[in-house]
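Chains as they are written, first to last, in my numbering: chain A, -6 to 197; chain B, -6 to 197; chain C, -6 to 197; chain D, -6 to 197.
Think of the CB as a built atom: it goes at the ideal place given N, C-alpha and C, for glycine as much as any other residue.
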């Protein structure tokens, strides 16, 4: 994508944001159903979960506000809509389905927020923005899967709400490498900084 | 992206949506500043504007509700935020700047909605959702630029609001071909149908 | 409030809206905890529940889309905020508390939407707007409690989203008569029509 | 409303919020059209404007973030909806109408945010929440008119977003005394603290 990169640079994209003074961590959809290629998994998602274990430990040590998201639809499908029309298999993600449980290595601790959502973005139709406002958060670090789906959608909304937005590079994964990389490119150009765990720790 | 496509198919993505009974057209950011590679333009944007001229004529003939978006910031930058931090050049897009004027070939007709926005999505911080609800719209056809930026963000929000979402293939453009194609792939898998002008006309 | 009424009339408030072609019913917070004056009940709430039984039967016969709301906070209070700071007793409204169960006479039928919310409005941080859009609803009939709290907040948001908004007069109740009447006055002037069950049936 | 007050107290309403560490001021709709009883004015609105002059001077001295709202509809009415259906006279509030200009004694200073809105709440369809997030605001002080309309709607949304919400008692006005007082009662019970200018200054 050399020529692509050229025009972005020439037009002044990819400005540096940096960490603010009050970060929070949101972990998007690291659910059992996204660890298995027979359901919604594949690619580098397992590696991203391993990276997130470390980031979560760091965030807890720093007492950052921490939120986890789950995709959950009503058992009778009464809250299904555009997303499930496009991806009908999502309808299996009901409250008690094993597929919608957060992976054990990232089990939420008491006091951490668990958001149920029906769409890609962790902000859409949820209490996330008010929860961040209540904590005077200025920086949202985003981990989760998939990079090209719910992470990307969450990052756009985070930027639109004017939070400094950091994509945790070691902590986002996708079922396929092409969309993973293409979306990292887009997010870096327009909405977020990309940082490794090491860079996040150094800058916090 | 053969292997990428394989896993999406296997997991049941890219379900067909189809046109509903009450479509609307939103034309995203076809502004003078996006026609010039020295500002935010380049790639296939001019071709997409030409395609949109035809689609707009069709939509008017069908009396679809039609909305146009502009990116507009306050002269003093008081409403700038996350997006302008990442892309500082956007701050030049003020109300009277030549860069923020809709291109002449797509000049809004009386009664068509003109949305001013500060972020990528045409829904974020605007009156779009209420305007669609007032017209009982069930299908949103999206044209505009860039495919990898404001079109993608608008399409995600449209899907989240449960509108049948159609990306008008002849009518979306980007400054660079790689992100254009990568985002068409993502949108087709998760949020929208892709249709040519001919397919839109046939199905309306 | 004679003189109050005079200035509203003179300034052109309280325009008539009327029922549209595609109504939905939302029943706000008719929960066990709101039937008991020892918790959040009192006033005319029981009478409003009785009125809502009739309206619900009518809406089901007409196959209107029907949504019910519950106020539900996390067991550990992780999603509490501004509302619970002002009314700390609300924190007891957790998923399995008897207080947050919908009253038996209004038990949701399969396929009816059940919204969990943390704030006054049924729209805030919920999937309501997308659920209405998916059904091309143009009219929202609002029942529930309290008139001066969650009903009022829901009605404002419904009007802002451009739904024709009808307050079901026989079906809204409050713990206290003064706020009940004052809020009916405000809603009639600015956001909604007030209709009895009989008027709703006649106009549907 | 003695008996009304009794049940609210018994049920634990009207908890004290207090000022946080990072307040902002929003001044709602103090427009020329709301100063004249022949349009939308009357009651104690002029007194509230006088009170707001003092509060605005204080907020500027403290360098609080300051936002002003205007109600503005498109000249061709393309963005009119539920609110204008109920109050048709609002349609006269267009960008260049003398009625929609902020009163001269409260003229925004450079860098203060000016929000154009089409509905009651200053949050609905505007960039307000992101602007507050960008400034890590935890407390929103609300002045403006009318108490029973746009102030009340803004206060509900502010509380829902978890901002500590303060109604500036000397700075809110209404065309009629009954709704003014009834809405102060509701807001105090459920969403906000009521403070005089003196109390705001003492607690800041």
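### Task
Could you tell me whether the region 15 to 32 of chain A touches the region 124 to 134 of chain A, where touching means 3 or more Cβ pairs closer than 8 Å?
Taking 8 Å as the limit for Cβ pairs, the verdict is that the region 124 to 134 of chain A does touch the region 15 to 32 of chain A.
### Query
Mind pulling the chain D residues with CB within less than 9 Å of residue 117 of chain C?
As a working note, residue 117 of chain C is residue 124 in the third chain. Going along chain D in sequence order, the residues near residue 117 of chain C (Cβ under 9 Å) are 149, 150, 153 and 154.
### Message
Below 7 Å on C-beta distance, what does residue 103 of chain B contact in chain D?
### Response
Here residue 103 of chain B refers to the residue found at position 110 when the second chain is read from its first residue. Per Cβ cutoff of 7 Å: 69.
### Beta carbon proximity, residue 28 of chain D to chain C, threshold 8 Å
The residue you call residue 28 of chain D lines up with position 35 of the fourth chain. For residue 28 of chain D, the answer is no, since every Cβ of chain C falls outside 8 Å of its Cβ.
### Query
Which of the three DSSP states, helix, strand or coil, is assigned to residue -1 of chain D?
Your numbering for residue -1 of chain D matches position 6 in the fourth chain. Of the three classes helix, strand and coil, the one that applies to residue -1 of chain D here is helix, per DSSP.
### Message
Can you pull out the residues from the region 110 to 140 of chain B whose beta carbon lies closer than 7 Å to at least one beta carbon of chain D?
### Response
111, 118, 119, 120, 123, 124 and 127
### Task
Return the first residue and the last residue of the alpha helix (DSSP H) that residue 45 of chain B is part of.
The sequence position of residue 45 of chain B within the second chain is 52, counting from 1. For residue 45 of chain B, the enclosing alpha helix (DSSP H) covers residues 38 to 54.
### Query
Do the CB positions of residue 153 of chain A and residue 75 of chain B come within less than 8 Å of each other?
As a first step, residue 153 of chain A is located in the first chain; it is residue number 160 there, counting from the start. As a first step, residue 75 of chain B is located in the second chain; it is residue number 82 there, counting from the start. Result yes, Cβ atoms of residue 153 of chain A and residue 75 of chain B sit closer than 8 Å.
### Task
Would you kindly check if the distance between the Cβ of residue 80 of chain A and the Cβ of residue 183 of chain B is under 8 Å?
Walking along the second chain from the start, residue 183 of chain B turns up at place 190. Walking along the first chain from the start, residue 80 of chain A turns up at place 87. Contact flag set, yes.
### Query
When DSSP labels each residue in this structure, what does residue 79 of chain C get in the three-state scheme?
The residue you call residue 79 of chain C lines up with position 86 of the third chain. Reduced to three states, the DSSP call for residue 79 of chain C is helix.
### Query
Quick check: the region 130 to 149 of chain A against the region 139 to 146 of chain D, are there 3 or more CB pairs under 8 Å?
Pairwise C-beta distances place the region 130 to 149 of chain A out of contact with the region 139 to 146 of chain D, as fewer than three of them are shorter than 8 Å.
### One or two residues paired with residue 109 of chain A in a DSSP bridge
One-based indexing of the first chain puts residue 109 of chain A at position 116. According to DSSP, residue 109 of chain A bridges with A:63.
### Query
Does residue 66 of chain A come within less than 8 Å of chain F when only Cβ atoms are used?
The structure shown has no chain F; the protein chains it does contain are A, B, C and D.
### Task
Over the uninterrupted alpha helix (DSSP H) stretch that includes residue 148 of chain A, give me the two end residues.
Here residue 148 of chain A refers to the residue found at position 155 of the first chain. According to the DSSP assignment, residue 148 of chain A belongs to the alpha helix (DSSP H) that extends over 145 to 153.
### Query
Are the C-beta atoms of residue 22 of chain D and some chain B residue less than 8 Å apart?
As a working note, residue 22 of chain D is residue 29 in the fourth chain. With 8 Å as the cut-off, residue 22 of chain D does not count as an interface residue toward chain B.
### Query
Do you know how far the Cα of residue 34 of chain D is from the Cα of residue 42 of chain D?
Looking up residue 42 of chain D in the fourth chain gives position 49. Looking up residue 34 of chain D in the fourth chain gives position 41. Straight-line Cα distance between these residues: approximately 12 Å.
### Message
Using C-beta distances below 6 Å, list every residue in its chain close to residue 134 of chain B, excluding the 5 sequence neighbours before and after it, in chain order.
### Response
Taking the second chain and counting its residues from 1, one reaches residue 134 of chain B at position 141. Hits under 6 Å: 16, 18, 159 and 161.
### Query
So which of C:146, C:124, C:193 and C:98 has the shortest CA-CA distance to residue 40 of chain C?
Position 47 of the third chain, counted from the first residue, corresponds to residue 40 of chain C. If we check each option's Cα against that of residue 40 of chain C, C:98 comes out closest.
#### Entry: Residue from C:178, C:120 and C:146 whose Cα sits closest to the Cα of residue 67 of chain A
Counting from one through the first chain, the residue named residue 67 of chain A turns up at place 74. For the residues C:178, C:120 and C:146, the minimum Cα distance to residue 67 of chain A belongs to C:120.
### Query
Starting from residue 166 of chain C and walking both ways along the beta strand (DSSP E), at which residues does that stretch end?
To locate residue 166 of chain C, count along the third chain from 1; it is residue 173. Per DSSP, residue 166 of chain C belongs to the beta strand (DSSP E) from 157 to 166.
### Query
What does residue 138 of chain B pair with, by DSSP beta-bridge criteria?
Here the question's residue 138 of chain B lines up with position 145 in the second chain. Bridge partners of residue 138 of chain B: B:166.
### Spatial distance of residue 166 of chain D from residue 27 of chain D (CA atoms)
Position 173 of the fourth chain holds residue 166 of chain D. Position 34 of the fourth chain holds residue 27 of chain D. Taking the straight line from one Cα to the other gives about 10 Å.
### Query
Do we get a CB-CB distance below 8 Å when we pair residue 83 of chain C with the residues of chain A?
Taking the first residue of the third chain as position 1, residue 83 of chain C is located at position 90. So, not an interface residue.
### Query
What is the DSSP secondary structure of residue 180 of chain B, counted as helix, strand or coil?
The sequence position of residue 180 of chain B within the second chain is 187, counting from 1. In this structure, residue 180 of chain B counts as helix in the three-state DSSP scheme.
### Query
Can the beta-carbon of residue 93 of chain D be found less than 8 Å from the beta-carbon of residue 63 of chain D?
Counted from its first residue, the fourth chain places residue 93 of chain D at position 100. Counted from its first residue, the fourth chain places residue 63 of chain D at position 70. Their beta carbons are under 8 Å apart, which means residue 93 of chain D touches residue 63 of chain D by this criterion.
### Task
Show which residues of chain B have a CB atom less than 7 Å away from the CB atom of residue 106 of chain D.
As a position in the fourth chain, residue 106 of chain D is number 113, starting the count at 1. Simply 71 and 72.
### Task
Starting from the beta carbon of residue 142 of chain C, find every residue of chain D whose beta carbon is closer than 7 Å, and list them in chain order.
Along the third chain, one-based indexing puts residue 142 of chain C at 149. Within chain D, the residues near residue 142 of chain C are 183.
### Query
Does the beta-carbon distance from residue 199 of chain D to residue 108 of chain D come in below 8 Å?
In this structure chain D extends from -6 to 197, so residue 199 of chain D is not present and cannot be described.
### Query
residue 55 of chain B CB to nearest chain C CB: under 8 Å?
Here the question's residue 55 of chain B lines up with position 62 in the second chain. Closer than 8 Å: no.
### Length of the line joining the Cα atoms of residue 23 of chain B and residue 197 of chain C
Position 30 of the second chain, counted from the start, is the residue given in the question as residue 23 of chain B. Position 204 of the third chain, counted from the start, is the residue given in the question as residue 197 of chain C. Residue 23 of chain B and residue 197 of chain C: Cα-Cα distance of roughly 43 Å.
### chain B within 8 Å of residue 168 of chain A, Cβ atoms only
Counted from its first residue, the first chain places residue 168 of chain A at position 175. Yes, because at least one Cβ of chain B sits closer than 8 Å to the Cβ of residue 168 of chain A.
#### Entry: Three-state secondary structure (DSSP) of residue 89 of chain D
Walking along the fourth chain from the start, residue 89 of chain D turns up at place 96. Coil.
### Message
Helix, strand or coil, according to DSSP, for residue 193 of chain D in the structure here?
### Response
In the fourth chain, counting from the first residue as 1, residue 193 of chain D sits at position 200. Of the three classes helix, strand and coil, the one that applies to residue 193 of chain D here is helix, per DSSP.
### Query
What did DSSP end up calling residue 19 of chain A once you bin it into helix, strand or coil?
Within the first chain, numbered from 1, the residue matching residue 19 of chain A stands at position 26. Of the three classes helix, strand and coil, the one that applies to residue 19 of chain A here is strand, per DSSP.
### CB of residue 0 of chain D within 8 Å of CB of residue 169 of chain C, strictly
To locate residue 0 of chain D, count along the fourth chain from 1; it is residue 7. To locate residue 169 of chain C, count along the third chain from 1; it is residue 176. Yes, they are a contact pair.
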